[in-house]
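Colleague: Counting from 1, one number per residue, gives the positions in the sequence shown under full-length UniProt numbering. Glycine residues also receive a C-beta, built at the ideal position from the N, C-alpha and C atoms. I have a structure I would like to understand better, so I am pasting it below and will then ask my questions one at a time.
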Amino acid sequence: MLASILALSLVASATFDSEQTIEQQTAFFKSQANGQYARVKALKSSAKNALEQACRNALTLPQRSIIKSTLANKLNITLPESVSFIEAEVTGYKQEKQQEWLTCTGIVTPAAADINEAGLAIRAAWQVGKQQDKNNLRALLKIAMAHPSTISDAVALVADQSPQSERLAYLDKYLVADELKLDDAKESVAQAWFKDMRYQQVISLMQQCESVDCKRLGLAAEAEYEQQSADDLSSYF
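Structure representation (structure tokens):
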């Protein structure tokens, strides 16, 4: 009985029809957040098991918005709408399911401002790089290059934007591959290595990458490495 009363209090306390409400929709979830409250609805049946994690993520939407607007104002640029980032801890988490919505509450404590700034900058930089927006790319890369948590992903992006003839030399000189975090960065580096027939390095790196393109590249590298090994063996006979 007490649990039911507390649950009703949680749902009743949450307000999502005000101007302060932040909304986000993906292929799998619709999310709303306002202050220390959030709610999420699964848009596909396969996503229902991930509702709690989605609600935890939704709680960070207000802080994500602050981080994004702060960086955009600092650089005087418009960041891609699809890009957001936060490293944070959610404490005091509570949730209650009501019909299609899972409502939750919790206190979001962001990591240090420089970590979140750099994390957002490098993710935005990869998106901006695909759009060939050189001016905004330089500003974002300057921040990412200056922080230890993002410098390797930034090095990979600089190489990606460089002439193909210069990429390997730049990567060999500056990249610490074990510190790559973004799948886009890992795939770009692996593509350069693949063209140089460094198949073992590609295989190792692609095992740490979750995207479909990475999986395909890893399989291609395995096939090429097996063929290369067979060719080396046949040369002895």
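#1: Mind checking who K94 pairs with in its DSSP beta bridge?
#2: Note down, one range per segment and in chain order, each beta strand (DSSP E) of at least 3 residues found wholly within the region 166-199.
#3: Quick check: what's the CA-CA separation for Q24 versus K30?
#4: So who's on the other strand from Q32, going by DSSP bridges?
#5: Are there 16 or more other CB atoms within 10 angstroms of the CB of S18, so buried, or fewer, so exposed?
#6: Let me make sure I understand the geometry here. Which of N34, T26 and F28 has the alpha-carbon closest to that of F16?
#7: Does the beta-carbon distance from G119 to Q161 come in below 8 Å?
#8: Look up P110 in the DSSP assignment and give the residues it is bridged to.
#9: Please classify L62: does DSSP put it in a helix, a strand, or coil?
#10: Note down, in chain order, each residue of its chain lying with its Cβ closer than 8 Å to the Cβ of L175, except the 5 sequence neighbours on either side.
#11: Name the two residues that bound the continuous alpha helix (DSSP H) containing L157.
#12: Counting along the chain, where does the alpha helix (DSSP H) carrying K134 start and finish?
#13: Could you give the distance in angstroms between the alpha-carbon of N76 and the alpha-carbon of L140?
#14: Enumerate in chain order the residues of its own chain whose CB-to-CB distance from E187 is below 6 Å, with the five nearest sequence positions on each side excluded.
#15: To which residues of the same chain is A185 closer than 6 Å at the C-beta, ignoring the five residues directly before and after it?
#16: Once the 5 residues before and after R123 are set aside, which same chain residues still bring their CB inside 6 Å of it?
#17: DSSP state of E52, grouped into three classes?
#18: Less than 8 Å between the C-beta atoms of I67 and N135, yes or no?
#19: Give me the residue from A220, C209, D183 and D178 with the minimum Cα distance to K195.
#20: Helix, strand or coil for C214 per DSSP?
#21: Which of the three DSSP states is assigned to residue 248 in this structure?
#22: Measure from the alpha carbon of Q20 to the alpha carbon of each residue in Q200, A27, F28 and Q36, then state which is nearest.
#23: Put M72 into one of helix, strand or coil per three-state DSSP.
Modeller: Reading it off the structure:
#1: In the sequence shown, residue 94 corresponds to position 94, counting from 1. Bridge partners of K94: T105.
#2: none
#3: Working through the sequence shown from its first residue, we reach residue 24 at position 24. Working through the sequence shown from its first residue, we reach residue 30 at position 30. Answer to the nearest angstrom: the Cα atoms are 6 Å apart.
#4: What you label residue 32 is simply residue 32 of the sequence shown in a count that begins at 1. In the DSSP output, where bridge partners are listed per residue, Q32 has E23 and R39.
#5: Counting from one through the sequence shown, the residue named residue 18 turns up at place 18. So S18 counts as exposed.
#6: Along the sequence shown, one-based indexing puts residue 16 at 16. It is N34 whose Cα lies nearest to the Cα of F16.
#7: Residue numbering aside, residue 119 sits at position 119 when the sequence shown is read from its first letter. Residue numbering aside, residue 161 sits at position 161 when the sequence shown is read from its first letter. Going by C-beta atoms, G119 is not nearer than 8 Å to Q161.
#8: Numbered from its first residue, the sequence shown carries residue 110 at position 110. Beta-bridge pairing links P110 to A88.
#9: As a first step, residue 62 is located in the sequence shown; it is residue number 62 there, counting from the start. According to the sequence shown, residue 62 is Pro rather than Leu. Helix.
#10: In the sequence shown, residue 175 corresponds to position 175, counting from 1. Cβ within range, chain order: S152, V155, A156, A159 and V189.
#11: As a working mapping, residue 157 is identified with position 157 in the sequence shown. Here the alpha helix (DSSP H) through L157 covers I151 to Q161.
#12: Counting from 1 along the sequence shown, the entry for residue 134 is found at position 134. K134 to M145 is the span of the alpha helix (DSSP H), which, as asked, contains K134.
#13: What you label residue 76 is simply residue 76 of the sequence shown in a count that begins at 1. What you label residue 140 is simply residue 140 of the sequence shown in a count that begins at 1. Annotation: N76 to L140 spans about 11 Å, alpha carbon to alpha carbon.
#14: The sequence position of residue 187 within the sequence shown is 187, counting from 1. Residues D213 and C214 of the same chain have their beta carbon placed closer than 6 Å to that of E187, with the five preceding and five following residues left out of the count.
#15: Looking up residue 185 in the sequence shown gives position 185. Answer for A185: D153 and A156, listed in chain order.
#16: The residue you call residue 123 lines up with position 123 of the sequence shown. Within the same chain, R123 has close Cβ partners V83 and F85.
#17: Counting from one through the sequence shown, the residue named residue 52 turns up at place 52. Helix.
#18: The residue given as residue 67 occupies position 67 in the sequence shown. The residue given as residue 135 occupies position 135 in the sequence shown. No, these two residues do not count as a Cβ contact at 8 Å.
#19: To locate residue 195, count along the sequence shown from 1; it is residue 195. Nearest C-alpha to K195: A220.
#20: By 1-based counting over the sequence shown, the position of residue 214 is 214. Helix, per DSSP.
#21: The first residue shown for the chain is 1 and the last is 237, placing residue 248 beyond what the model contains.
#22: Taking the sequence shown and counting its residues from 1, the one referred to as residue 20 is at position 20. Per the Cα distances, Q36.
#23: Here residue 72 is taken as the residue at index 72 of the sequence shown, counted from 1. Reading off the sequence, residue 72 comes out as Ala, not Met. DSSP places A72 in helix when its eight states are reduced to three.
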